[in-house]
Amino acid sequence: MGLYRFPDPYTRAHAASKSSTVGVLGVLVSVFLHFWLIEGHFNPRILLGILFLFITAPVGGHMMARAAYFAGVKPTELTVKDELGEDIRNYEGK
């Protein structure tokens, strides 16, 4: 839904990474709870998978949005503030 409704690649990347992270985390937590509570088998590898996904998926979405910014993709007119552009201008001014 966010990929369709949001106006620029930056907000679309946020929607895609957020929904995929939450969806896959829900499945992994369900699998972990099933094996632990029903099968009686505690599996720490599933917990490591949850931790790995929780760290890497949002970082990947952020890196793709940042790459789009440096490639020259313009944000929508609705964007209020360009903090990355301000940081780059401040860094170049030093």
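Numbering of the sequence shown is given in the working numbering, commencing with residue -19 and proceeding in unit increments. Even for Gly, the Cβ is constructed at its ideal location relative to N, Cα and C.
Task: Buried versus exposed call for Arg69 [16 or more other C-beta atoms within 10 Å across all chains shown] - done: On the sequence shown, residue 69 is found 89 positions in, with the first residue counted as 1. Around the beta carbon of Arg69, fewer than 16 other beta carbons sit within 10 angstroms, so the residue counts as exposed.
Task: Nearest-angstrom beta carbon gap, Gly(-18) and Ile0 [assumed within contact, 8 Å] - done: As a working mapping, residue 0 is identified with position 20 in the sequence shown. As a working mapping, residue -18 is identified with position 2 in the sequence shown. The amino acid occupying residue 0 in the given sequence is Ser; Ile does not appear at that position. Between Gly(-18) and Ser0 the Cβ distance is about 11 Å, and since that is not below 8 Å, they are no contact.
Open item on the list: Short of 8 Å in beta carbon distance, which residues of its chain neighbour His37, apart from the five on each side in sequence? Order them along the chain.
Closed with: Indexing the sequence shown from 1 puts residue 37 at position 57. At residue 37 the sequence reads Ala, which differs from the His that was named. Around Ala37: Ser(-3), Ser0, Thr1 and Val4.
TODO: Determine the DSSP secondary structure at Glu72, reduced to helix, strand or coil.
DONE: Here the question's residue 72 lines up with position 92 in the sequence shown. The answer is helix: DSSP assigns Glu72 an H, G or I state.
- [ ] Could you tell me whether the Cβ atoms of Pro(-13) and Leu58 are closer together than 8 Å?
- [x] Looking up residue -13 in the sequence shown gives position 7. Looking up residue 58 in the sequence shown gives position 78. Closer than 8 Å, so yes.
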